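Chemist:
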Amino acid sequence: MHRRTLLPALLLAPLAAPALAQAPAPRPIRLVVPFPPGGTADLLGRIAAREMETRLGQPVVVENRAGAGGAVGSEAVARSPADGTTLVLSNIASQAIGPAVNRNITYDSVRDFTHVGLIAAVPSAIAVSAASPFRTLADLLTRARAQAGAVRFGSTGVGTSSHVKLELLKRAAGADITHVPYRGSAPAVADVIGGQVEGLIAAVPDIGNNDRLRLLAVTTPDRATRWPDVPSVAELGFPTLVASNWFGLSGPAGMSPEIALRLNQALVAGLNAQETTERLALLGAAPNRMTPQDYAALVASEVPRWAEIARAADIKAE
């Protein structure tokens, strides 16, 4: 009986092996980062891709597709199949501020996406030159209130996050500060250091480690662990200035809740690994455990906030 049972099994073994070998590999996930390589968005996208790839057991390929402040890559993903294989690095610029200032953006940040999860919320900072006479935010605002337009702030461009947050500062402080737009953060920072403009508002990963700048405040409710000597805008009496540069993952509308949850769980597990939390802390970001519903609620709350500020200040992207 043993020989009669074994013989068919041996004969079938060569047929079974090729069948196993031909099992399809998991389809890769394409993660579109709608900004150029090398910036904070690209860094966070690649961190998320690496951590998810490890936990999902399928490739996550990062594709940089820049243009129109993140709108080009975001719109392409909004039109993609909602099967979980195409994601976009969504953020404050492409999902909230961009649609508020750019009439050419056709997607709806709430209706046209399935929001999967938050990667990080990075604070901005109000900064001046290290050689500036302004030692505190109160010093700067005293000068701005005393002489309208005398204090000049650079930004990374008309309609960008740094521009809109400057308008938020002007409104909260009741101060007239002159806006000077630049093409990107590097020339704006250079002119702050050189004294051509008095300050700027930018994400702390871009300016926080520059010893030729002085941070007057961070745009968080509490002080950032990475910069414990810098006061928060909330403690200085400006709670309406609390604003983070949030980055997350989103897919096209219509993605099933099961797929979104699976992606979210892989993302959250990776972000809360010790090595990753330490790396995020260097950017001023704390680990988070947002569900898809939490992140969708964040996006939905930010869209009208920045739309109102842009409308009140009559900001239109160039």
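For reference, each letter of the sequence shown is one residue, going 0 to 317 in numbering that gives the first Met the number 0.
The C-beta atom is built at its ideal place from N, Cα and C for all residues, glycine as well.
Just so we're clear, the structure is a prediction, and the values are computed from it rather than from any experiment.
In angstroms, rounded to a whole number, what distance separates the CA positions of S255 and L212?
Modeler: When rounded, the separation of the alpha-carbon atoms in S255 and L212 is 46 Å.
Chemist: Starting from the C-beta of L260, find all residues in its chain whose C-beta is less than 7 Å away, skip the five residues before and the five after it, and write them out in chain order.
Modeler: Excluding the 5 residues flanking it on each side, L260 has same chain C-beta neighbours closer than 7 Å at P291, in chain order.
Chemist: Taking 8 Å as the limit between beta carbons, can you name the residues of its chain near A200, skipping five residues before and five after?
Modeler: The sequence given here has Ile at residue 200, not Ala. For I200, the CB contacts under 8 Å within the same chain, skipping 5 residues up- and downstream, are S123, A124, I125, A126, F152, S154, S161, K164, L165, L168, T218 in chain order.
Chemist: Going by beta carbon distance, what residues of the same chain come within less than 6 Å of T85, once the five residues before and after it are set aside?
Modeler: Closer than 6 Å at the Cβ level, and outside the excluded window around T85, lie R29, V76, S79.
Chemist: Output yes or no for whether 8 Å exceeds the beta carbon distance between W245 and G283.
Modeler: The answer is no: Cβ separation not under 8 Å.
Chemist: In its own chain, which residues sit with a C-beta less than 6 Å from the C-beta of A268, not counting the 5 before and 5 after it?
Modeler: R54
Chemist: Classify T113: buried if its beta carbon has 16 or more other beta carbons within 10 angstroms, exposed otherwise.
Modeler: buried
Chemist: Is it the case that the Cβ atoms of A316 and G158 are separated by a distance below 8 Å?
Modeler: Taking 8 Å as the Cβ cut-off, A316 and G158 qualify as a contacting pair.
Chemist: Can you give me the C-alpha to C-alpha distance between D41 and A129, rounded to a whole angstrom?
Modeler: 29 Å
Chemist: Quick check: A334 and L279, are their CB atoms within less than 8 Å of each other?
Modeler: The shown model of the chain, from 0 to 317, leaves out residue 334, and the question about it has no answer.
Chemist: In chain order, what are the residue ranges of uninterrupted alpha helix (DSSP H) at least 4 long that sit wholly in the segment 89 to 125?
Modeler: Given a length threshold of 4 residues, each whole run of the alpha helix (DSSP H) inside the segment 89 to 125 is given here in chain order: 97 to 100.
Chemist: Could you tell me the boundaries of the beta strand (DSSP E) in which L215 lies?
Modeler: Run containing L215: 212 to 217, per the beta strand (DSSP E) assignment.
Chemist: Per DSSP, H178 forms a beta bridge with which residues?
Modeler: F152
Chemist: Helix, strand or coil, according to DSSP, for G69 in the structure here?
Modeler: helix
Chemist: Using only the alpha-carbon positions, how far apart do L262 and A187 sit?
Modeler: 37 Å
Chemist: Got a sec? Which residues, its chain only, sit under 7 Å from A147 by beta carbon, not counting five neighbours each side?
Modeler: D175, listed in sequence order.
Chemist: Mind listing, in chain order, the continuous beta strand (DSSP E) runs of no fewer than 3 residues lying wholly within the segment 249 to 291?
Modeler: none
Chemist: Using a Cβ-Cβ cut-off of 6 Å (strictly less than) and excluding sequence neighbours within five positions of A95, which residues of its own chain qualify?
Modeler: E301, V302, W305
Chemist: When you compare the CB positions of A252 and D111, do they come within less than 8 Å of one another, or not?
Modeler: yes
Chemist: Pick out whichever of L297, E277, R310, N271 has its Cα sitting closest to the Cα of S89.
Modeler: With distances taken between Cα atoms, S89 lies closest to L297.
Chemist: Let me confirm a value: T39 is counted as buried when at least 16 other C-beta atoms fall within 10 Å, else exposed. Which label applies?
Modeler: By the 10 Å Cβ count, T39 comes out buried.
Chemist: Roughly how many whole angstroms lie between the Cα atoms of I308 and P238?
Modeler: 15 Å
Chemist: V241 and E197: beta carbons closer than 8 Å?
Modeler: no
Chemist: Would you give the residue range spanned by the beta strand (DSSP E) that R29 belongs to?
Modeler: Per DSSP, R29 is one residue of the beta strand (DSSP E) stretching across 28 to 32.
Chemist: Check each candidate in A24, A311, P58 and name the one with the smallest Cα separation from R170.
Modeler: Selected option, being the one with the closest Cα: A311.
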